[in-house]
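J.: Here it is: the structure, laid out below.
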Amino acid sequence: MRIVTLGEAMIRLSPPDHMRIEQTSIFEVQVGGAELNVAAGVVRMGYEAEWISALPQTPLGRLVHNAVRGMGVGTRFLVWKPEGRVGLYFIEHGASPRPSRVVYDRAGSCASMLGPADVDWAKAFAGAALFHTSGITPALSDSAAQAVEAALRAARAAGLRVTYDLNYRGSLWPPEKARRVQEPFMQYVDVLITSEACAEVVFGVREATPAATARRLADRYGFEVVAVTLRETPSILRNRVSAMAFAGGQIIQDDWYEVEIVDRVGAGDAFTAGFICGYLEEDLERAVRWGNAMCALKHTMVGDMCWAEREEVEQLLAGGSRFTITR
Numbered sequence: 052m053r054i055v056t057l058g059e060a061m062i063r064l065s066p067p068d069h070m071r072i073e074q075t076s077i078f079e080v081q082v083g084g085a086e087l088n089v090a091a092g093v094v095r096m097g098y099e100a101e102w103i104s105a106l107p108q109t110p111l112g113r114l115v116h117n118a119v120r121g122m123g124v125g126t127r128f129l130v131w132k133p134e135g136r137v138g139l140y141f142i143e144h145g146a147s148p149r150p151s152r153v154v155y156d157r158a159g160s161c162a163s164m165l166g167p168a169d170v171d172w173a174k175a176f177a178g179a180a181l182f183h184t185s186g187i188t189p190a191l192s193d194s195a196a197q198a199v200e201a202a203l204r205a206a207r208a209a210g211l212r213v214t215y216d217l218n219y220r221g222s223l224w225p226p227e228k229a230r231r232v233q234e235p236f237m238q239y240v241d242v243l244i245t246s247e248a249c250a251e252v253v254f255g256v257r258e259a260t261p262a263a264t265a266r267r268l269a270d271r272y273g274f275e276v277v278a279v280t281l282r283e284t285p286s287i288l289r290n291r292v293s294a295m296a297f298a299g300g301q302i303i304q305d306d307w308y309e310v311e312i313v314d315r316v317g318a319g320d321a322f323t324a325g326f327i328c329g330y331l332e333e334d335l336e337r338a339v340r341w342g343n344a345m346c347a348l349k350h351t352m353v354g355d356m357c358w359a360e361r362e363e364v365e366q367l368l369a370g371g372s373r374f375t376i377t378r
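At position 303 of the sequence shown (counting the first as 1) the number is 354 in my numbering, and the numbers step up by one without a gap.
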């Protein structure tokens, strides 16, 4: 089965050894973006994925493209622009009591200028099983929001399942606009993936428990499934993660993983990738557990993308030891 994702990828620049941006003379280079991370994670689990976006015909555009192809993600419907730029972001990795910090330089990127007419959506979705995007993409610009709407309409018309990660970014738009723009999209969405915080900021929904929040969202918007990612943060470098889902009156809650954080960026996308794999296999419990296991493993890996192998995920799901050396 093949999935299709739509969204921006950026070049990530991070100082080594927990240095501050202003003190470093070296940056480590990675490529990532929410929807690309999902596509890469799905491919690592043995599925096919196609990523739709826009890149400039420049060395930086080709750098991103090389990374995408290196992960095995398809780019047949990638839009190449003769000029423009790739978005950048910088990340300082923190340690208690100093939190990690992200600085964006993404305004005017080619992806932000993508419009609904730039892609042959019917052709892109032919033969695909599922379409995924997130709330980051429509936040980039009005034209990007129009592209998301066109993609959602086309995906529904083509009979694809649709997953949507709410993924609120306050640096891109205020809550009022996020709700105004995205609420009409929800009629096309089968599975909403969110945190409690995002649901509260965007849709004003926050109940006493995550399960109650998920039920309220499902009742309001008619989702088939609402998945909620959960996190406890006793320290910057040690967290606890879990997830739950609500569907048809059924609540599925996974166990908590204790994670030692090497790099938590992209952990939510890793959850989404794993969840999609289980969802496509028609097993909601497995979807939640698969997503949570991939999320936990992603914390141990540098970069935005989850490099876990399916065997590692299966071992974790089977309760295999997390403390031995594999020889």
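Think of the CB as a built atom: it goes at the ideal place given N, C-alpha and C, for glycine as much as any other residue.
#1: Given a cut-off of 8 Å on the beta-carbon distance, is the pair E143 and R152 in contact?
#2: What separation, rounded to the nearest whole angstrom, lies between the Cα atoms of R266 and V277?
#3: Does the stretch 353-360 come close enough to the stretch 79-87 that 3 or more CB-CB pairs lie under 8 Å?
#4: Using CA coordinates, which residue listed in R315, V154, G92 and T75 is at the minimum distance from R361?
#5: In three-state terms, what does DSSP make of W102?
#6: Quick test of the definition: if touching needs 3 or more C-beta pairs under 8 Å, does the stretch 66-78 touch the stretch 114-129?
#7: Rounded to a whole number of angstroms, what is the C-alpha to C-alpha distance between A263 and G299?
#8: Hey, V184 and V199: beta-carbon distance below 8 Å or not?
#9: I think G125 touches A100, with their Cβ atoms under 8 Å apart; what is that distance to the nearest whole Å?
#10: Could you spell out where the alpha helix (DSSP H) holding T188 opens and where it closes?
#11: Could you tell me the alpha carbon to alpha carbon distance between R207 and Y215, rounded to whole angstroms?
#12: Using CA coordinates, which residue listed in F176, L191 and R149 is at the minimum distance from G166?
#13: G317: buried (16+ other C-beta within 10 angstroms of its C-beta) or exposed?
#14: For T284, count neighbouring Cβ atoms within 10 angstroms of its own Cβ and tell me buried if that reaches 16, exposed if not.
T.: Let me lay it out:
#1: Against the sequence shown, residue 143 aligns to sequence position 92. Against the sequence shown, residue 152 aligns to sequence position 101. Yes; because the gap between Cβ atoms is below 8 Å, this pair is in contact.
#2: Walking along the sequence shown from the start, residue 266 turns up at place 215. Walking along the sequence shown from the start, residue 277 turns up at place 226. Cα to Cα, R266 sits roughly 8 Å from V277.
#3: yes
#4: In the sequence shown, the residue the question calls residue 361 occupies position 310. Selected option, being the one with the closest Cα: G92.
#5: For the purposes of this step, residue 102 is taken as residue 51 along the sequence shown, with counting starting at 1. Looking at W102 - three-state DSSP - the assignment turns out to be strand.
#6: no
#7: Within the sequence shown, numbered from 1, the residue matching residue 263 stands at position 212. Within the sequence shown, numbered from 1, the residue matching residue 299 stands at position 248. Taking the straight line from one Cα to the other gives about 13 Å.
#8: Locating residue 184 in the sequence shown gives position 133, counting from the first residue. Locating residue 199 in the sequence shown gives position 148, counting from the first residue. Reading off the sequence, residue 184 comes out as Thr, not Val. Result yes, Cβ atoms of T184 and V199 sit closer than 8 Å.
#9: What you label residue 125 is simply residue 74 of the sequence shown in a count that begins at 1. What you label residue 100 is simply residue 49 of the sequence shown in a count that begins at 1. That pair is a contact at about 7 Å.
#10: Counted from its first residue, the sequence shown places residue 188 at position 137. Run containing T188: I187 to A190, per the alpha helix (DSSP H) assignment.
#11: Here residue 207 is taken as the residue at index 156 of the sequence shown, counted from 1. Here residue 215 is taken as the residue at index 164 of the sequence shown, counted from 1. R207 and Y215: Cα-Cα distance of roughly 13 Å.
#12: Residue numbering aside, residue 166 sits at position 115 when the sequence shown is read from its first letter. Closest by alpha carbon: L191.
#13: Stepping through the sequence shown from its first residue, residue 317 is reached at position 266. Under this definition G317 is a buried residue.
#14: What you label residue 284 is simply residue 233 of the sequence shown in a count that begins at 1. Answer is exposed; the Cβ neighbour count stays below 16.
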